[in-house]
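Okay, so the sequence shown: first residue is 2 according to the working numbering, each after it adds one. Don't be surprised by glycine CBs; every beta carbon is placed ideally from N, CA and C.
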Amino acid sequence: MMRSSLLAHLLLSLLLIVGSDVTAEEVGRRPNIVLMMVDDLGIGDVGCYGNDTIRTPNIDRLASEGVKLTQHIAAAPLCTPSRAAFMTGRYPLRSGMGSFGRVQVLLFLGGSGGLLPSETTFAKRLQQQGYTTGLVGKWHLGVNCEHRGDHCHHPNQHGFSYFYGLPFTLFNDCAPGEGSDVLADFQHTIRSLSMMLGVGLLTLVCVRVFGLFEISLWLLVALFFLAVLATAVWYVPFKLLPTWNCIIMRNQDVIEQPMTVETVPQRLLGEAQNFIKRNVDHPFLLFFSLAHIHTPLFKTPAFAGKSRHGRYGDNLEEVDWMIGEITETVDSLGLANNTLMYFTSDHGGHLEDADPLIGQKGGWNSIYKGGKAMGGWEGGIRVPGIFRWPGRLAAGRVVDEPTSLMDLYPTLKYLAEDTQADRQLDGYNLMPLLEGRTERSEHEFMFHYCGMHLNAVRWHPPGSDSIFKVHFFTPNFSPPGAGGCYDTKVCMCHGEHVTHHDPPLLYDLFHDPSESRPLTADTEPRYAEILEWTAKAVERHRNTLTDIQTSGDTNTDAARVQNQLTWSKILWRPWLQPCCGTFPFCGCKEDTTLI
């Protein structure tokens, strides 16, 4: 009896020792990372940032249990360049993801532009440190370079060992009856031209048949082929856009083409949850890149008509529910204390996007001026930024210092214990600021680009609460007196679309966050000093861009980083088009019974 008791005691002690070792291993393990990014979300749309009419309890909970950043800045006011900067920790022009002209984002999956294979993302760095990495949702940074299937820009080539989602983005062409987002004016012109050629050809044929005039047969043949060509240039790339752009991929396989929009939210959420569940036993990085809240807005029955702000509000409350589901998955698996969760948007809300039937389809940017695609105006670049990590980050902490989406790259490198040398970075490790070990951001200066054009500079002088912002030019709103570019739907950054300011416009965001009262030499004693310091900062910044094309001249020898948003890069090429099946007969549906 005594021997049995002693044996039981030894076994219990051994179990306690083993259990203690396991706990110590878990405590010392590098943290899991869950990044959640909403598309086109305005900072004023969220409860913890001041909205009291749209219900976002799950996002608000993240803020109450973690750290909220009030001056979190996107590197660009549009998807493609902002996401490139987020992934690389560098201003988008460093990777060629800025435009000199009209088009500032990728337009076709069958284009050759995208995030350069030579670029390094935080996913690639964490993958090299032993993390399992996954991207679920929107990518919008390109797929192929030279031929279908080379996948040079694909997430799998940029450090994500698993990808499920939209290699492009959700846009109006994906949903019948929602119109078109892609070069709508050009579509109208080429369609009108093809119709005119068709009518002209038919008229000439009638004239020849009835013998009214002598019409050359060769002229009719030439007009016929010209009409066919004009129709093909319009119809093939544009009318078939749902097939070309609205697809879902799992890793490098197209599994649905065109995609069924109505079920996208549920499928993305399920994939994100399953990725977390599959990787509970080792460090993982999940980038959950939501298709919300870009148009077309979803019509999920469980949320339809439930908010006080129409379909946009319904979609936002669905976003909040999805964030809650991801949080619950992390917590229920016992991962909360070893998981850094992050919530943000890629840029501000789209003010000009509205519909007479369903109302506003774009977000609200609170008191901040401007929105999506409006250069350096605050409404287009100031976004939510929330970090939660129980036991590591103090609950309810608020940071009012300037921070950037580019800071995620060096922050994740630090957490993954990656000490390898890196190239020129523009972000900084946020952990000292998040943990309260420092009260001051390392971002003394920030540079705000509109395409490839330096639009504005933000300066947070040492020892001062002021945050000065200098605008070198501003987009021309239309119609005159409006708060956005309602005539063109998005603002542009070049030529007659902007107004240059000499001297520049100057604001103090600490006292005037809505950028409504420009400072002058009469109202700001440091006026000349501020302009002088920002000019010197711009010069130092430009000295770091020696490999970057900084003008529209594509032949300059200095431009060793090839621009990815030129017309030759973004226009559709059939041989680059991802396809499920035999091109051009692309089409398949995902078997959701296996999910």
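Contact belief for residue i with residue j at Cβ below 8 Å, rounded distance in angstroms
| i | j | result |
| --- | --- | --- |
| residue 192 | residue 419 | Contact flag wrong, Cβ pair sits at about 52 Å. |
| residue 262 | residue 175 | 5 Å |
| residue 348 | residue 515 | In fact, because the Cβ distance is near 18 Å, the residues do not count as touching under 8 Å. |
| residue 547 | residue 458 | So it is not a contact: roughly 19 Å between Cβ atoms. |
| residue 73 | residue 386 | 3 Å |
| residue 429 | residue 401 | Actually they do not touch by this definition, with Cβ atoms about 16 Å apart. |
| residue 324 | residue 344 | 7 Å |
| residue 61 | residue 49 | 4 Å |
| residue 39 | residue 346 | 5 Å |
Alpha-carbon to alpha-carbon, residue j and residue i
| i | j | result |
| --- | --- | --- |
| residue 160 | residue 123 | 8 Å |
| residue 202 | residue 180 | 29 Å |
| residue 76 | residue 229 | 43 Å |
| residue 538 | residue 445 | 10 Å |
| residue 220 | residue 138 | 51 Å |
| residue 107 | residue 435 | 34 Å |
| residue 120 | residue 421 | 15 Å |
| residue 558 | residue 95 | Low local confidence applies: a pLDDT of 39 at residue 558 is under 50, so the model's placement there is unreliable, with the coordinate-based value given in what follows. Distance between the alpha carbons of residue 558 and residue 95: 16 Å. |
| residue 432 | residue 452 | 30 Å |
| residue 135 | residue 198 | 50 Å |
| residue 231 | residue 185 | 16 Å |
| residue 132 | residue 417 | 8 Å |
| residue 510 | residue 470 | 7 Å |
| residue 253 | residue 424 | 28 Å |
| residue 341 | residue 529 | 43 Å |
| residue 362 | residue 215 | 56 Å |
| residue 42 | residue 365 | 8 Å |
| residue 284 | residue 328 | 17 Å |
| residue 46 | residue 233 | 42 Å |
| residue 1 | residue 322 | As shown, the chain starts at 2 and ends at 596. That puts residue 1 outside it, with no answer to give. |
| residue 302 | residue 333 | 27 Å |
| residue 148 | residue 455 | 34 Å |
| residue 388 | residue 278 | 21 Å |
| residue 204 | residue 235 | 22 Å |
| residue 398 | residue 390 | 12 Å |
| residue 213 | residue 225 | 20 Å |
| residue 55 | residue 268 | 24 Å |
| residue 331 | residue 498 | 47 Å |
| residue 460 | residue 172 | 36 Å |
Residue i burial status per 10 Å Cβ neighbour count (16 or more: buried)
| i | result |
| --- | --- |
| residue 578 | buried |
| residue 583 | exposed |
| residue 354 | buried |
| residue 414 | buried |
| residue 576 | exposed |
| residue 59 | buried |
| residue 292 | buried |
| residue 257 | buried |
| residue 491 | buried |
| residue 585 | exposed |
| residue 380 | buried |
| residue 338 | exposed |
| residue 189 | exposed |
| residue 85 | buried |
| residue 247 | buried |
| residue 569 | exposed |
| residue 218 | exposed |
| residue 276 | buried |
In DSSP terms, what residue i is bridged to
| i | result |
| --- | --- |
| residue 250 | 166, 255 |
| residue 135 | 163, 287 |
| residue 470 | 459, 508 |
| residue 454 | 451 |
| residue 589 | 258 |
| residue 404 | 73 |
| residue 37 | 289, 344 |
| residue 382 | Answer is none; residue 382 lacks a bridge partner. |
| residue 479 | 486 |
| residue 356 | 360 |
| residue 583 | 586 |
| residue 562 | 549 |
| residue 388 | 68, 343 |
Subject >> Whole runs of the alpha helix (DSSP H) within the stretch 169 to 233, excluding any shorter than 4 residues >> reply: Annotation note: the stretch 169 to 233 contains the following uninterrupted alpha helix (DSSP H) runs of length 4 or greater, listed N- to C-terminal: 185 to 210.
**OP:** Any chance you could list the alpha helix (DSSP H) runs of at least 4 consecutive residues sitting entirely within the stretch 67 to 132, in chain order?
**Re:** Within the stretch 67 to 132, the complete alpha helix (DSSP H) runs of at least 4 residues are 80 to 89, 123 to 129.
**OP:** Can you check the stretch 482 to 535 for any alpha helix (DSSP H) of at least 4 residues that lies completely inside it and give the ranges in chain order?
**Re:** Note on the stretch 482 to 535: there is no whole alpha helix (DSSP H) run with a minimum of 4 residues.
Original post:
Where in the stretch 276 to 354 do unbroken runs of the beta strand (DSSP E), each at least 3 residues long, occur, reported from the N-terminal end onward?
Top reply: For the stretch 276 to 354, whole beta strand (DSSP E) runs of length 3 or above, ordered along the chain, are 285 to 290, 340 to 346.
Original post:
Where are the alpha helix (DSSP H) runs, 4 residues long or more, that stay fully inside the stretch 408 to 448, in chain order?
Top reply: Taking 4 residues as the minimum length, the alpha helix (DSSP H) runs contained wholly in the stretch 408 to 448 are 409 to 416, 432 to 435, in order along the chain.
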